[in-house]
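In the numbering used here, the protein residues as written are 82 to 642. Each residue gets a CB set at the ideal place from its N, CA and C atoms; glycine is no exception. In this text the structure is predicted, and so the values were computed from the model without any measurement. Have a look at the structure below, then the notes.
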Amino acid sequence: YVLDEPSIGLHPRDNDRLIDSLKALRDQGNTLLVVEHDEDTMRAADLVLDFGPGPGVRGGEIVSSGDLNTLACNDKSLTGQFLTGKLLIPVPETRRPGNGKAIRVRGATHNNLKNIDVDIPLGKLVCVTGVSGSGKSSLINDIVVPVLRRQLHAAEDVPGEHRSIEGIEHLDKVIAIDQSPIGRTPRSNPATYVKVFDEIRSLYVELTEAKRRGYQAGRFSFNVAGGRCESCEGNGSNRLEMDFLADLWVTCPICDGKRYNHETLQVKFKDKSIADVLDMDIQQALELFENVPKIADKLRTLHDVGLDYIKLGQPSPTLSGGEAQRIKLAKELSRRSTGSTLYLLDEPTTGLHFHDIRLLLKVLQDLVDLGNTVLVIEHNLDVIRAADWLIDIGAEGGQAGGEVVFEGTPDEIVNCQQSYTGRSLAKHIAAGPIQADKSSAKKSRASKRPAGIPTPVLRVQGAVEHNLKDVSLEIPHHAMSVFCGPSGSGKSSMAMDTIYAEGQRRYVESLSSYARQFVGQMPKPRVERIEGLAPAIAIEQKSVAHNPRSTVGTVTEIYDY
82 YVLDEPSIGL HPRDNDRLID SLKALRDQGN TLLVVEHDED TMRAADLVLD FGPGPGVRGG
142 EIVSSGDLNT LACNDKSLTG QFLTGKLLIP VPETRRPGNG KAIRVRGATH NNLKNIDVDI
202 PLGKLVCVTG VSGSGKSSLI NDIVVPVLRR QLHAAEDVPG EHRSIEGIEH LDKVIAIDQS
262 PIGRTPRSNP ATYVKVFDEI RSLYVELTEA KRRGYQAGRF SFNVAGGRCE SCEGNGSNRL
322 EMDFLADLWV TCPICDGKRY NHETLQVKFK DKSIADVLDM DIQQALELFE NVPKIADKLR
382 TLHDVGLDYI KLGQPSPTLS GGEAQRIKLA KELSRRSTGS TLYLLDEPTT GLHFHDIRLL
442 LKVLQDLVDL GNTVLVIEHN LDVIRAADWL IDIGAEGGQA GGEVVFEGTP DEIVNCQQSY
502 TGRSLAKHIA AGPIQADKSS AKKSRASKRP AGIPTPVLRV QGAVEHNLKD VSLEIPHHAM
562 SVFCGPSGSG KSSMAMDTIY AEGQRRYVES LSSYARQFVG QMPKPRVERI EGLAPAIAIE
622 QKSVAHNPRS TVGTVTEIYD Y
């Protein structure tokens, strides 16, 4: 079983149940690969593989392989440094008093909300917490945001049931930053989304060689004819349709994947063509354009939200939800702040490593320091602990929820026994950092497999998918192995795009050609060899089906019985 961050969207209370389920699967003789940032899941693992040392091009290697203590003793591991407390997500010494104004929601009865009144103080970092299904999204996404959009931006959103909302006059705009994709075609990329590519093209038009040839800004766009390679229409690769097999994308033989024609590539800035710029990560581009303020300022916003590692020309469909959300945040940061803006983020820490959470929190705290209000729906205890004000909805999910359990500071909620968030936060603070014991650091714990089952391994050799740098590893069967490391370090590239993709490919190839055409196939992974691989099942958080007739009963097959 391959699970990609199963703890996403789960309250810490529910996380314990999830870990128990994973252990039960393992004890039945199955092999589990879990891509995860959650500390409790790492503690429960038989083997912890830490990818890194950094994200993107600075990652793709295995930094540590062994038990949790082995990871804690590894000074090169960013994950280990956060677990042992050498690196910390800062907690403010004092909570902001705010500006004394508030958005006051009265008589909210939408979905499971029980006619509640809530005050959202302005000028603070406010965190809305509660177990899954308690009513957080019903309150914020279905009532507060639609009302603010209607009043401030003349939108046609239909808000959920409530009596009234007061205090809207204290705001001049609301910006909701969600995790939906920034684009659905390979032509869309971070550079075009944050509008930095427009500035880069304008710079290239002003170069002497471009002026001499009479080039306009459109010459440097791969979306329009003129400067792009017409053989691949600016895609950099051509699709080969394979009957009964997965389609293949083959690098364009004319432009060699550079997207532009030969003449366009002859125009260079500091010896770099426009294709070279698109192939750079944010950090490299910052160094190249450090003396061009219009470009450097926009690139710096991407750097500030921790996206140094993504390439300027990386296709949008390959970005994760967490990366898309941070790119949207970077775009908003590049705009001038009014000091009276409400920023709403729904679980912004999804898919983020401790290091990335620290960078994200700094950006959010800076926005509040400018006089804005940041409203976050979140389960992450480090973010909850860093907030100025908490609104806890609960106590349970569904009909047993929908009430305000607690309003106050993180320092006060730990004493509220009715709040599951308060209890989890108190437990988190009491647990403290892991104590690294270098004398007993060893390779890996014996897995808790049923007696009589042999102990073979799943062996991967020479994996080079995405940013993986010729990685080879051994994963014990009948054990739970957790892949951790900074966002973009290669965890999912190994688990989903290499191991799962090959397991699924081998299984599908054993089917008849007729059956094969109905199965969605993944492309063949770039790996030398994989041994000891069983048919793989991926458990992701994507929507199971878009058909309204698909229900919880039909998906779980309970309905059949």
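Legend entry - For K477, the nearest candidate out of S500, A291, R381 (CA to CA): Locating residue 477 in the sequence shown gives position 396, counting from the first residue. The sequence shown places Glu at residue 477, not Lys. The option with the nearest alpha carbon to E477 is S500.
Legend entry - Per-residue burial, F278 [other beta carbons within 10 Å of its own, 16 or more giving buried]: Looking up residue 278 in the sequence shown gives position 197. Classification for F278: buried.
Inset, instruction - Identify the continuous beta strand (DSSP E) that holds I611 and give its terminal residues. - result: Position 530 of the sequence shown, counted from the first residue, corresponds to residue 611. For I611, the enclosing beta strand (DSSP E) has its first and last residue at 608-612.
Inset, instruction - Figure out for me which residue from I618, S593, A576 has the closest Cα to the Cα of Q585. - result: The residue you call residue 585 lines up with position 504 of the sequence shown. If we check each option's Cα against that of Q585, I618 comes out closest.
Inset, instruction - Decide if the segment 234-243 is in contact with the segment 185-204; the criterion is three or more beta carbon pairs, one per stretch, under 8 Å apart. - result: The answer is yes - the segment 185-204 touches the segment 234-243, with three or more Cβ pairs under 8 Å.
Legend entry - Given G308 as reference, the closest of R416, Q516, C336 once Cα atoms are compared: Sequence index remark: in the sequence shown, residue 308 carries index 227 (1-based). The closest CA to that of G308, considering only R416, Q516, C336, is found on C336.
Inset, instruction - Along the alpha helix (DSSP H) that carries L128, what are the first and last residues, could you check? - result: Position 47 of the sequence shown, counting from 1, holds the residue named residue 128. Note, L128: premise wrong, no alpha helix (DSSP H); beta strand (DSSP E) at 128-133.
Inset, instruction - Tell me whether I639 is buried or exposed, calling it buried when 16 or more other Cβ atoms sit within 10 Å of its Cβ. - result: The sequence position of residue 639 within the sequence shown is 558, counting from 1. The residue is exposed, with fewer than 16 neighbouring Cβ atoms inside 10 Å.
Inset, instruction - For my contact list, A298 and R282 are in at a C-beta cut-off of 8 Å; report their separation, rounded to the angstrom. - result: Counting from 1 along the sequence shown, the entry for residue 298 is found at position 217. Counting from 1 along the sequence shown, the entry for residue 282 is found at position 201. Contact between A298 and R282 holds: CB atoms are separated by about 5 Å, below the 8 Å threshold.
Legend entry - Per-residue DSSP class, three states only, for T422: As a working mapping, residue 422 is identified with position 341 in the sequence shown. Strand, per DSSP.
Inset, instruction - Rank V207, S354, G452 by C-alpha distance to the C-alpha of E428 and give the top, closest one. - result: In the sequence shown, residue 428 corresponds to position 347, counting from 1. V207 is the residue among V207, S354, G452 whose C-alpha sits nearest the C-alpha of E428.
Legend entry - Backbone CA spacing between N461 and T430 [nearest angstrom]: For the purposes of this step, residue 461 is taken as the residue at position 380 of the sequence shown. For the purposes of this step, residue 430 is taken as the residue at position 349 of the sequence shown. Distance from the CA atom of N461 to the CA atom of T430, rounded to whole angstroms, is 7 Å.
Legend entry - Residue interval of the alpha helix (DSSP H) (run including F350): Counting from 1 along the sequence shown, the entry for residue 350 is found at position 269. Neither: F350 is in no alpha helix (DSSP H) and is coded neither H nor E.
Legend entry - Given L106 as reference, the closest of Y82, V116, E280, F564 once Cα atoms are compared: Translated into the one-based positions of the sequence shown, residue 106 becomes position 25. Of the listed residues, the one whose Cα sits closest to L106 is Y82.
Inset, instruction - Give a yes or no on whether the C-beta atoms belonging to K353 and V275 are separated by under 8 Å. - result: As a position in the sequence shown, residue 353 is number 272, starting the count at 1. As a position in the sequence shown, residue 275 is number 194, starting the count at 1. Contact: no.
Legend entry - Rounded C-alpha distance that separates S158 from H558: Here residue 158 refers to the residue found at position 77 when the sequence shown is read from its first residue. Here residue 558 refers to the residue found at position 477 when the sequence shown is read from its first residue. Going by the C-alpha atoms only, they are around 25 Å apart.
Legend entry - Contact between the segment 503-518 and the segment 569-585 (3+ Cβ pairs under 8 Å): No, the segment 503-518 does not touch the segment 569-585.
Inset, instruction - Determine the closest residue to L91 out of E459, A560, S219, G179, with distance taken between C-alpha atoms. - result: Residue mapping note: residue 91 aligns to position 10 of the sequence shown, counting from 1. Measuring from the Cα of L91, the nearest candidate turns out to be E459.
Inset, instruction - Please say whether K351 and L367 have beta carbons closer to each other than 8 Å? - result: The residue you call residue 367 lines up with position 286 of the sequence shown. The residue you call residue 351 lines up with position 270 of the sequence shown. Taking 8 Å as the Cβ cut-off, L367 and K351 do not qualify as a contacting pair.
Inset, instruction - Would you kindly work out how many angstroms separate the C-alpha atoms of A481 and N496, rounded to a whole number? - result: Your numbering for residue 481 matches position 400 in the sequence shown. Your numbering for residue 496 matches position 415 in the sequence shown. About 22 Å.
Inset, instruction - Following the continuous alpha helix (DSSP H) through F564, name the residue where it begins and the one where it ends. - result: Working through the sequence shown from its first residue, we reach residue 564 at position 483. Segment 561-565 is the beta strand (DSSP E) holding F564; no alpha helix (DSSP H) there.
Inset, instruction - Please name the residue in S418, L169, T165 whose C-alpha comes closest to that of N453. - result: Sequence index remark: in the sequence shown, residue 453 carries index 372 (1-based). Nearest of S418, L169, T165 to N453, Cα basis: S418.
Inset, instruction - With DSSP collapsed to three states, give me the class of Y341. - result: Sequence index remark: in the sequence shown, residue 341 carries index 260 (1-based). Here Y341 sits in strand by DSSP.
Inset, instruction - Assign I620 to one of two classes, buried (16 or more other C-beta atoms within 10 Å of its C-beta) or exposed (fewer than that). - result: Numbered from its first residue, the sequence shown carries residue 620 at position 539. Residue environment for I620: exposed (fewer than 16 other C-beta atoms within 10 angstroms of its C-beta).
Inset, instruction - Per DSSP, which residues does N319 bridge with? Please list them. - result: Reading the sequence shown from its first residue, position 238 is the one you call residue 319. Looking at the DSSP output, N319 bridges to V331.
Inset, instruction - State the start and end residues of the unbroken beta strand (DSSP E) segment that holds F72. - result: The requested residue 72 is not part of the displayed model; the chain covers only 82 to 642.
Inset, instruction - For K524, I'd like the list of residues in its chain whose CB is within less than 6 Å of its CB, leaving aside the five on either flank, ordered along the chain. - result: For the purposes of this step, residue 524 is identified with residue 443 of the sequence shown, where counting begins at 1. Any reading at K524 is ruled out, since the residue's pLDDT is 47, under 50, leaving its predicted position unreliable.
Legend entry - Residue environment, Q395, which counts as buried when at least 16 other CB atoms sit within 10 Å: Your numbering for residue 395 matches position 314 in the sequence shown. A residue is called buried when at least 16 other Cβ atoms come within 10 angstroms of its Cβ; Q395 meets this threshold and is buried.
Legend entry - Host beta strand (DSSP E) of T210 (start-end): Locating residue 210 in the sequence shown gives position 129, counting from the first residue. Membership of T210 in the beta strand (DSSP E) is indicated by the continuous run 206-210.
Inset, instruction - Determine the extent of the beta strand (DSSP E) in which G543 is found, giving its start and end residues. - result: Position 462 of the sequence shown, counted from the first residue, corresponds to residue 543. Its beta strand (DSSP E) spans residues 538-544.
Inset, instruction - Take G248 and list the residues in its own chain whose beta-carbon comes closer than 7 Å to its own, dropping the five residues that flank it on each side. - result: Against the sequence shown, residue 248 aligns to sequence position 167. Contacts found: K182, A183, I184, R185.
Legend entry - Simplified DSSP state of I184, which is helix, strand or coil: Residue numbering aside, residue 184 sits at position 103 when the sequence shown is read from its first letter. I184 sits in a strand when the DSSP states are folded into three classes.
Inset, instruction - Have a look at G403 and R293 and give me their C-alpha separation to the nearest angstrom. - result: Translated into the one-based positions of the sequence shown, residue 403 becomes position 322. Translated into the one-based positions of the sequence shown, residue 293 becomes position 212. As the crow flies, the alpha-carbon of G403 is around 43 Å from that of R293.
Legend entry - Among L152, D238, G135, the one whose alpha carbon lies nearest that of V129: Counted from its first residue, the sequence shown places residue 129 at position 48. The residue among L152, D238, G135 with its C-alpha nearest the C-alpha of V129 is L152.
Legend entry - Alpha carbon of L433 to alpha carbon of P567, nearest angstrom: Locating residue 433 in the sequence shown gives position 352, where the first residue counts as 1. Locating residue 567 in the sequence shown gives position 486, where the first residue counts as 1. Rounded to the nearest angstrom, the two C-alpha atoms are 7 Å apart.
Inset, instruction - Return yes when the Cβ of L388 is within less than 8 Å of the Cβ of I363, no when it is not. - result: Within the sequence shown, residue 363 is the residue found at index 282, counting from 1. Within the sequence shown, residue 388 is the residue found at index 307, counting from 1. Closer than 8 Å, so yes.
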